[in-house]
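Asker: Residues -27 to -1, 1 to 402 in mature numbering (1 follows the signal peptide of the UniProt record, and there is no 0) are what the sequence shown spells out, letter by letter.
Starting off with a structure, shown below.
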Amino acid sequence: MSSSAMQRVKAACAAACAALSAIAMLAAPNMTPKAEAASGVNMYRLYNPNSGEHFYTSNSGEREALREAGWNYEGIGWVAPASSSQPVYRMYNPVAGDHHYTMNSNERTSLVRAGWRYEGIGWYSDPSHKIPLYRQYNPHAKTGTHNYTTNANERTQLVRAGWRDEGIGWYGIGGGSPAPAETQANDGAYASIEGVMNLRGSGSGYHAKLVLSGGGSTVSFGIQYEKDIHYAYPQFSSNTVYLVENVMSHATQAGTTGKQYLYLKSAPLGQNVKVRLSWYTNNTVKFFVNDQEIGRTKSTLSAPFIFAVEGSAAHNGDTINATVKNVKVKAGNNAKSYGTITGWNDRNDYFGLNGTVTKQGTVSSDGAYNTHGAPSLGVDISLTGRANIPGNGPDGKPWTWDTSFSAVEPNTHTTGHPLSAVVNIAQAR
């Protein structure tokens, strides 16, 4: 793994530690759940993409605070009884930063003696054994070692992947449901860009992403393959992830200063996936896959905004062959205030990579995406090419997508360029 890649990993690990510590600060002295309905209590399931931990709570305030800290909300895991004679104890490991849940009072006592904190009753189990919560253990993980699910298929897949089946942890009275879908039209964002992304390539690394820039800051979201990711994150065994790059300063300099990198979730190669990046007026940025939020963070973006699609390669000789289709941009708080959106179709192709508009969009002069005649709604883009950046950088190592800004671009004979092809789609005030 290159030193710059390791720096990105360390930055992501730091974010994970901050998110893990957020749970400890939020833990209330009395964790006894309150009934949301006569029949039971909804148990929310959240996931930390950096540590691999799943977390469960009936407290909607705790759920939202963890989402702000970078956790993914996955929906309702199950419905627990409002109360019963069978409590499930919630334990916290202050060293590793993760949680464990058990009905076994002896296990609870043993963990307390080993340094765990007892946080009270998290919820209750169903004495009639209606809905089983299957328990699995990952012997290779340091955090997020246990998973609990009502889904027998999920249990089977994890066991096949090397997890140990530990039977049934407890019982619920009802099954779960995924988080509700949020479309670009109803996600409440002021500015957003979405498209159907399909990433292919070859070599050590390649990346396709949506980009939103403004006020000297840039946030991007997309799919990245990098062959070394699994060394730092074993849960990403395919080395392909949904990656966020939040650049607040030092954009043209290598290293992590002024930058935030988030590995949100495993992603597919060679498959169509709808991805979306959305900015809110409180400077929150949310990231969606197939209309489901998978993460969020804070940014320093400000209007006017520039929307773009970008494709990158990691090293000399690496290739990218990606498409981003039906790209849609919005800016404004309602359908009549989307700002000025102009279809630049402005290409910036560097180091052998090419971005091409393969299908123009459509225009509706009275619609929500008024473009003043520029066809920027529904654009299709291809990102192709083989990276042409031979030689070594000032550190004596081959150029990478982290250090390319110091390299002389062969066509422009200038420096300061990414190892990328960039297509600017629109600008909005």
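Each residue gets a CB set at the ideal place from its N, CA and C atoms; glycine is no exception.
Everything numeric in this text was worked out from a predicted model, so none of it was measured.
When DSSP builds the beta bridges, which residues end up paired with Y65?
Answerer: What you label residue 65 is simply residue 92 of the sequence shown in a count that begins at 1. According to DSSP, which records beta bridges pairwise, Y65 is partnered with H72 and R90.
Asker: For a test of your reading of the model: does the CB of A55 fall under 6 Å from any non-hydrogen atom of the ligand SAM? Yes or no.
Answerer: Although the ligand SAM was asked about, the structure shown includes no ligands whatsoever.
Asker: Where does T313 sit, in a helix, a strand or coil, going by DSSP?
Answerer: Walking along the sequence shown from the start, residue 313 turns up at place 340. Note that T313 has pLDDT 39, beneath the 50 cutoff, so the model's placement of it is unreliable and the number below is only indicative. The answer is coil: DSSP assigns T313 none of H, G, I, E or B.
Asker: Can you check whether the CB of S285 is closer than 7 Å to the CB of S393?
Answerer: Start at 1 with the first residue of the sequence shown, and residue 393 comes out as number 420. Start at 1 with the first residue of the sequence shown, and residue 285 comes out as number 312. In this structure, S285 lies closer than 7 Å to S393 by Cβ.
Asker: So who's on the other strand from A164, going by DSSP bridges?
Answerer: Walking along the sequence shown from the start, residue 164 turns up at place 191. Paired residues: W252 and A304.
Asker: In three-state terms, what does DSSP make of H102?
Answerer: For the purposes of this step, residue 102 is taken as the residue at position 129 of the sequence shown. It is coil, neither helix nor strand.
Asker: Kindly indicate which residue of N361, G188 and V297 has the alpha-carbon position closest to the one of S355.
Answerer: Locating residue 355 in the sequence shown gives position 382, where the first residue counts as 1. Closest by alpha carbon: V297.
Asker: For the beta strand (DSSP E) that contains R269, what are its first and last residues?
Answerer: Start at 1 with the first residue of the sequence shown, and residue 269 comes out as number 296. Element bounds for R269: Q265 to K271.
Asker: Check whether the stretch 244 to 257 and the stretch 24 to 39 touch, using three or more Cβ-Cβ pairs below 8 Å as the test.
Answerer: Not touching, per the Cβ criterion.
Asker: To the nearest angstrom, how far is it from the Cα of W136 to the Cα of H386?
Answerer: Counting from one through the sequence shown, the residue named residue 136 turns up at place 163. Counting from one through the sequence shown, the residue named residue 386 turns up at place 413. Between W136 and H386, the C-alpha separation is close to 53 Å.
Asker: Which one of I279, L326, S57 and S239 has the shortest CA to CA distance from G290?
Answerer: Residue mapping note: residue 290 aligns to position 317 of the sequence shown, counting from 1. Checked all of I279, L326, S57 and S239; the closest Cα to G290 is L326.
Asker: P391 to I166, Cα distance in whole Å?
Answerer: Taking the first residue of the sequence shown as position 1, residue 391 is located at position 418. Taking the first residue of the sequence shown as position 1, residue 166 is located at position 193. Distance between the alpha carbons of P391 and I166 is about 21 Å.
Asker: Can you tell me where the alpha helix (DSSP H) holding T35 begins and where it ends?
Answerer: Here residue 35 is taken as the residue at index 62 of the sequence shown, counted from 1. Before going further, note that residue 35 is Glu rather than Thr in the sequence given. From DSSP, the alpha helix (DSSP H) with E35 extends over S33 to E41.
Asker: Would you decide whether R133 is buried or exposed? Buried here means 16 or more other CB atoms lie within 10 Å of its CB.
Answerer: Residue 133 sits at position 160 when you count from the first residue of the sequence shown. Label assigned to R133: exposed.
Asker: Which residue from P60, N77 and W374 puts its Cα closest to that of A360?
Answerer: Here residue 360 corresponds to residue number 387 of the sequence shown, with the count starting at 1. Cα-wise, what sits closest to A360 is W374.
Asker: Can you grab the Cα-Cα spacing for the pair residue 412 / L235, in whole Å?
Answerer: With the chain covering only -27 through 402, there is no way to say anything about residue 412.
Asker: Below 6 Å CB to CB, which residues in the same chain sit around Y46 once its five sequence neighbours on both sides are set aside?
Answerer: Translated into positions along the sequence shown, residue 46 becomes position 73. Here the set comprises L19, R40 and A152.
Asker: Counting only runs of 3+ residues fully inside the stretch 98 to 158, write out the beta strand (DSSP E) ranges in chain order.
Answerer: Counting only runs of 3 or more, we get 104 to 110, 119 to 122 and 137 to 145.
Asker: Put A205 into one of helix, strand or coil per three-state DSSP.
Answerer: Against the sequence shown, residue 205 aligns to sequence position 232. Here A205 sits in helix by DSSP.
Asker: Below 6 Å CB to CB, which residues in the same chain sit around K238 once its five sequence neighbours on both sides are set aside?
Answerer: Looking up residue 238 in the sequence shown gives position 265. For K238, where only same-chain residues beyond five positions count, the Cβ hits under 6 Å are P22, Y215 and I267.
Asker: If the criterion is Cβ atoms closer than 7 Å, does the pair T116 and A69 meet it?
Answerer: For the purposes of this step, residue 116 is taken as the residue at position 143 of the sequence shown. For the purposes of this step, residue 69 is taken as the residue at position 96 of the sequence shown. Yes. Within cutoff.
Asker: Determine the DSSP secondary structure at residue 411, reduced to helix, strand or coil.
Answerer: This structure cannot speak to residue 411, because the chain is shown only from -27 to 402.
Asker: Can we say the stretch 80 to 93 touches the stretch 104 to 120, given the rule of at least three CB pairs closer than 8 Å?
Answerer: With a cut-off of 8 Å, the stretch 104 to 120 and the stretch 80 to 93 do not count as touching, because too few Cβ pairs lie within range.
Asker: Locate the beta strand (DSSP E) running through V192, then write down its first and last residues.
Answerer: For this step, residue 192 is matched to residue 219 along the sequence shown. Segment S190 to E199, the beta strand (DSSP E) holding V192.
Asker: Are residue 404 and G351 closer than 7 Å when you measure CB to CB?
Answerer: Residue 404 lies beyond the residue range present for the chain, which begins at -27 and ends at 402; the question has no answer from this structure.
Asker: Cα separation between A38 and T213?
Answerer: What you label residue 38 is simply residue 65 of the sequence shown in a count that begins at 1. What you label residue 213 is simply residue 240 of the sequence shown in a count that begins at 1. Straight-line Cα distance between these residues: approximately 28 Å.
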